[in-house]
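Right, one structure below, let's go through it.
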Amino acid sequence: MPVTLTINGTPREFNGDPDTPLLWVIREDVGLTGTKYGCGIAQCGACTVHVDGQTLRSCSAPVSAVAGRQVTTIEGLSSRAAKAVQDAWVRLDVVQCGYCQSGQIMSATALLEKKPKPTDADIDRAMAGNICRCATYHRIRAAIHAASAQLAG
Amino acid sequence: MHPLMNRFHADQQRRFMELLGVDETAAPLVTRRVFLQSAGATGLAIGFGWLSPTDADAALPGTEGAATGPLAPNAFIRVGTDNLVTVICKHHEMGQGNTTGLASLVAEELDADWALVRTEYAPSDANLYKNLAFGMQGTGGSSAISNSYLQYRSAGATARAMLVAAAADTWKVPASEIKTSKSTLTHASGRRATYGEMATAASRQTPPESPPLKNAAQFTLIGKDRSTPRVDSPSKCNGTAIYTIDVKLPGLLTAVIAWPPSFGAKLVAFDAAEAKNVKGVTDVVEVPEGVAVVATGTWAALQGRRALKVQWDETAGKELDSEALLARYRAQATQPGTPFAKPATPGTSSPARTVDAVYEFPFLAHATMEPMNCVAWLHDGMLETWSGHQFPSFDHMLAAKAAGLPMDKVKLHTLVSGGSFGRRANVFSDFTVAAVNVTKAIGGRAPVRLQYSREDDTAAGLYRPMYVHAVKAGIDAQGRVTSWEHTIVGQSIMAGGPMAMMIKDGIDPTSVEGVAESVYDLPMMAGTLHSPALAVRPLWWRSVGNTHTAYVMETMIDELATAAGRDPVAFRLSLLGKSPRAAAALKVAADKAGWGKSRRSGVAQGIALHKSFDSFVAQVADVSLRNGKIKVERVVCAVDCGVAVNPDVIRAQMEGCIGFALSAIYYSEVELKAGRAVQRNFDTYRSMRIHEMPKVEVYIVPSTEKPTGVGEPGVPPLAPAVANAVAKLTGTRIRRPPFTRAGLVET
């Protein structure tokens, strides 16, 4: 029984093992490689996507669990909040190696979509699932505040 | 790679270059004629002369809109008729920002419009692209900008001179009257041309032998804050940056390896029947590294490996145990080893006070965000690889050897990597060779991406080794240091490979750096080293020996200051008479942090200073203690790295170094039990998260000295600065990191 879902607005049908994590379907079946593999156990957040607007660690969610749902990846970001986040990330040169940053941006976008003026404590909570080994945390926080200011302005 | 490499004895360097097939007569900045001969004329979209049918499919980064000549005066720059300037980067980008740095060196001398500058990564060619500090092509030792500083500026100046000469010829005016700015040539007569418009005419000019370089007062980009934003930011913020894991090739297969479960384990037998039943698994093959499961996708490969039955002989590693090793190291530390520091002045026999301490440091994994991986493809009598090739010269040589091909039949494609911290800079090329072995084992039928899982990556060894330091230091009644006996025990990183030639008189310089070459005036120091060998491969880890030596030196100095009843800053300054730059950095950090001013209750400041990779970094940590747990609230960092080429990149590296080092001192440790790594993923090999990141302030000490490293020197002072604050708060000196062991960190 194929699994059907929508990825970045396009309906998709997946005919493989329904236990396949969503991450590998996105990356290897659909071919969208912005979403990254980091740990496979939902610890690092490099694989973060949105499912119906909520963040999900796609490495640990079987594709069958998101049947019929709307999945958004870094390539499909289009909201005002998302653009503000990406702009702020570039303006503040947040990235270093960059490998975790798709996931960071997905988490930050989900936060701002729900809470356009987050406090530092909100940021801590929303971003706690995303590890950055380059430790760009200092700029991630600043960029979220900058994006928030842009959204307000 | 270590900066001490540049202190190679001449014959050592020659042997090394022979080994790598490097022609040392090739000038670092080759002329256009030589370059074109070696590169194979035009159309150089990805790496000169290496253009293959696969390149279009591989969707490699940094090539969008890249200029295609015609002005290509040397191996580092092309100016296109489309007005774009392409800078060819010989160093590996793993986050440290050197792509931006190299491009800004070229753009400065070329007077290029930064918006029109593009970058791409150089192919493996040690003659053209060697690190001038190493004599081979490789990135490490925080040397990317320092070794390229004049080379890349000269490359830009050459192109500019040719553009100016072409405009002078075309306009029939003296070259000296032509001005350049923002990729445009102008003359007082009103004549004007873009670089793109003049590129073809410029390509017919003879490149000048040694074009004049700007003096610092003429700089418009170097040292100008935010004048050259990172070139890799946009692609890393929209998911289009291509890492090794993202490479697409026709028919690409994914492989995972059933690696030995413990260090030294030997394969006895395996049963592939069930693994082969997993849908998508195409091959199960033995390789020198273990048993490879090859499949049409990563998930199938992982499922296949789960179904694979492998029998291992784990006798060899049975006794390998961290606690037992530490006990052995501690015992060794009571015995003198090979001397690395002999007292120039005798210590006094009866100091007024002594501090006697033993420090123990764990194995550390690099835990890059992107687990190790490499794509290898054998086709048409050649091998191509795609990876974060940090040491292309070694990877090239070892990939060729594994494939049984001459080096000229092997093409490396170096991609950005998801971090390294030293892991990708190894002379064994472990993941590159393993990928080649897998593709060979399937008869070269298809390109294969060898992917390490997080667990494979963490358990693979190549760790920062365990070390034990035993130190006994004394001060006299006036608080002057009068004796210092220092013994270090730990694996030599350089032993057992091509780096062994760096070991002199039994001393691996990476084991003692930071003690043997301290900034402090300690002529009474007596130091000895033991370098036991183990079945676990050691490797450099961001800042190498300084990861442990700075901790020992800077906490010892602090303890001695306390014993002497002196302020830690004043005490350090009294020992820095021979190192004015270190003293200046220390003063900046102390001043900016408000050192000596009262802090709120439950907060203490600790300070540390360390020189590494020729840069001086001092840090002050504000640490709070609540319910027995510490939090680093703020870190003030002063850095003197010579001329600050890209100030914002320097700040970013200091911020990153501070977070990376704090993460390690809080949590990091790989323990070995019965030869197996206990920690295998981020649930047990913890990494710091956003709420633990302190506020960071970075101050760059103005300097006109030549640029030095920034990718690593921010790491060493952080842990001792925090430890010194913790000692003030708790009265306890932590001598066995990580701090979770002392229950000081929320887990």
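Chains A and B are the protein sequences, given in the same order. Here the working numbering is used: the first residue of the first sequence is 23, the next is one more, and so on. Here the working numbering is used: the first residue of the second sequence is 425, the next is one more, and so on. Where a beta carbon is used, it is the ideal one built from N, C-alpha and C, also for glycine. Computed from a predicted structure; not experimentally measured.
Min CB distance residue i to chain A below 8 Å
{"i": "Glu794 of chain B", "result": "yes"}
{"i": "Asp707 of chain B", "result": "no"}
{"i": "Lys1130 of chain B", "result": "no"}
{"i": "Ser605 of chain B", "result": "no"}
{"i": "Val1169 of chain B", "result": "no"}
{"i": "Ser651 of chain B", "result": "no"}
{"i": "Val1120 of chain B", "result": "yes"}
{"i": "His1193 of chain B", "result": "Summary: the structure shown does not reach residue 1193 of chain B, with chain B confined to residues 425 through 1171, and so no result is reported for it."}
{"i": "Cys661 of chain B", "result": "yes"}
{"i": "Thr664 of chain B", "result": "yes"}
{"i": "Ser1048 of chain B", "result": "no"}
{"i": "Val446 of chain B", "result": "Note that Val446 of chain B scores 47 on pLDDT, short of 50, meaning its location in the model is unreliable; the coordinates nonetheless yield the value given after this. So no, Val446 of chain B is outside the interface."}
{"i": "Arg1202 of chain B", "result": "The displayed coordinates of chain B run from 425 to 1171. Any statement about residue 1202 of chain B would go beyond what the structure contains."}
Proximity test, Cβ basis, 8 Å: residue i and chain B
{"i": "Arg34 of chain A", "result": "no"}
{"i": "Ile162 of chain A", "result": "yes"}
{"i": "Ala171 of chain A", "result": "no"}
{"i": "Ala68 of chain A", "result": "yes"}
{"i": "Cys39 of chain A", "result": "Going by the sequence as given, residue 39 of chain A is Asp instead of Cys. At least one chain B Cβ lies under 8 Å of Asp39 of chain A."}
{"i": "Ser80 of chain A", "result": "no"}
{"i": "Glu135 of chain A", "result": "no"}
{"i": "Lys139 of chain A", "result": "no"}
{"i": "Val52 of chain A", "result": "no"}
{"i": "Pro43 of chain A", "result": "yes"}
{"i": "Val73 of chain A", "result": "no"}
{"i": "Gln118 of chain A", "result": "yes"}
Range of the contiguous beta strand (DSSP E) that encloses residue i
{"i": "Asn498 of chain B", "result": "Pro494 to Asn498"}
{"i": "Gln76 of chain A", "result": "Gln76 to Arg79"}
{"i": "Thr94 of chain A", "result": "Gln92 to Thr94"}
{"i": "Phe764 of chain B", "result": "Thr762 to Ala765"}
{"i": "Asn551 of chain B", "result": "Not the beta strand (DSSP E): Asn551 of chain B falls in the alpha helix (DSSP H), residues Ala550 to Tyr553."}
Residue i versus the options, residue with shortest Cα-Cα distance
{"i": "Ser627 of chain B", "options": "B:Arg502, B:Gly675 and B:Ser659", "result": "B:Arg502"}
{"i": "Ala906 of chain B", "options": "B:Glu621, B:Pro795, B:Pro947 and B:Gly1138", "result": "In the sequence as displayed, the identity of residue 906 of chain B is Thr instead of Ala. Looking at the Cα atoms, B:Pro947 is the closest of the given residues."}
{"i": "Glu1057 of chain B", "options": "B:Thr582, B:Gly1083, B:Lys596 and B:Glu983", "result": "B:Gly1083"}
{"i": "Ile1114 of chain B", "options": "A:Val112, A:Ala143 and A:Leu45", "result": "A:Ala143"}
{"i": "Gln118 of chain A", "options": "B:Thr510, B:Gly761, B:Gly1167 and B:Ser659", "result": "B:Ser659"}
{"i": "Ala716 of chain B", "options": "B:Glu784, B:Val541, B:Tyr876 and B:Val1069", "result": "B:Tyr876"}
{"i": "Trp723 of chain B", "options": "A:Val47, A:Cys61, A:Val107 and A:Thr70", "result": "A:Val47"}
{"i": "Ser80 of chain A", "options": "A:Leu54, A:Ala103, A:Lys105 and A:Gly175", "result": "A:Leu54"}
{"i": "Tyr1176 of chain B", "options": "B:Phe687, B:Leu984, B:Val1146 and B:Arg904", "result": "What is shown of chain B runs 425 to 1171, which leaves residue 1176 of chain B out entirely."}
{"i": "Ala164 of chain A", "options": "A:Val107, A:Gly125 and A:Gly151", "result": "A:Val107"}
{"i": "Glu738 of chain B", "options": "B:Ser746, B:Ser686 and B:Gly1135", "result": "B:Ser686"}
{"i": "Thr838 of chain B", "options": "B:Asp854, B:His820, B:Ala824 and B:Thr762", "result": "B:His820"}
{"i": "Gly741 of chain B", "options": "B:Val960, B:Ala699 and B:Pro1126", "result": "B:Val960"}
Sequence-distant residues of the same chain with beta carbon closer than 6 Å to residue i, five excluded per side
{"i": "Gly98 of chain A", "result": "Asn30"}
{"i": "Ser1092 of chain B", "result": "Leu788 and Pro1162"}
{"i": "Val1102 of chain B", "result": "Glu1095"}
{"i": "Met518 of chain B", "result": "Ser841, Gly843 and Ser844"}
{"i": "Asp780 of chain B", "result": "Lys896"}
{"i": "Val892 of chain B", "result": "Tyr753, Arg754, Ala757, Glu784 and Val913"}
{"i": "Ala1166 of chain B", "result": "Ile1158"}
{"i": "Val25 of chain A", "result": "Phe36, Pro40, Val85, Ser86 and Ala89"}
Own chain, CB closer than 8 Å to residue i, minus 5 neighbours either side, in chain order
{"i": "Ala483 of chain B", "result": "Residue placement at Ala483 of chain B is flagged as unreliable, the pLDDT there being 35, under the threshold of 50; the coordinate-derived value follows with that caveat. If we look at Ala483 of chain B and ignore the five residues flanking it on each side, its Cβ neighbours are Ile666, Asp670, Val671 and Lys672."}
{"i": "Pro598 of chain B", "result": "Ala592"}
{"i": "Pro956 of chain B", "result": "Arg752, Tyr753, Gln756, Val913, Gly914 and Gln915"}
{"i": "Gly1020 of chain B", "result": "Asp991, Val993 and Ala1014"}
The alpha helix (DSSP H) enclosing residue i, as first and last residue numbers
{"i": "Met586 of chain B", "result": "Ala568 to Trp595"}
{"i": "Phe845 of chain B", "result": "Element bounds for Phe845 of chain B: n/a, residue is neither H nor E."}
{"i": "Gly620 of chain B", "result": "Tyr619 to Ser627"}
{"i": "Pro631 of chain B", "result": "First-last for Pro631 of chain B: undefined, no H or E at that position."}
Contact test: residue i Cβ vs the ligand SAH heavy atom, cutoff 7 Å
{"i": "Ala546 of chain B", "result": "Annotation note on the ligand SAH: not contained in the displayed structure, which lists no ligands."}
Other residues of its chain near residue i: CB distance less than 7 Å, five sequence neighbours each side excluded
{"i": "Glu488 of chain B", "result": "Per-residue confidence for Glu488 of chain B stands at a pLDDT of 42, beneath the threshold of 50, marking its modelled position as unreliable; no derived number is given."}
Taking only beta carbons into account, state which residues of the region 83-104 of chain A come closer than 9 Å to chain B, listed in chain order. Residues of the region 83-104 of chain A with a C-beta less than 9 Å from any C-beta of chain B: Thr95, Ile96, Glu97 and Leu99, listed in chain order.
If contact means a Cβ-Cβ distance below 9 Å, which residues of the region 707-727 of chain B contact chain A? Taking a C-beta cut-off of 9 Å against chain A, the contacting residues of the region 707-727 of chain B are Thr720, Gly721, Thr722, Trp723, Ala724, Leu726 and Gln727, listed in chain order.
May I ask you to list, following chain order, the residues of the region 511-526 of chain B that have a beta carbon less than 9 Å from some beta carbon of chain A? Hits within the stretch, in order: Glu517, Met518, Gly519, Gln520, Gly521 and Thr524.
Taking any Cβ of chain A, which residues in the region 775-791 of chain B have a Cβ under 7 Å from it, in chain order? Correct list: Ala791.
Using a beta-carbon distance cut-off of less than 9 Å, what residues from the region 1072-1084 of chain B approach chain A? With the criterion set as a beta carbon lying under 9 Å from some beta carbon of chain A, the members of the region 1072-1084 of chain B are Asp1072, Val1073, Ala1076, Gln1077, Glu1079, Gly1080, Cys1081, Ile1082, Gly1083 and Phe1084, in sequence order.
Compile a chain-ordered list of the residues in the region 693-705 of chain B whose CB is closer than 8 Å to at least one CB of chain C. Going by chain labels, chain C is absent from the structure shown, which instead holds the protein chains A and B.
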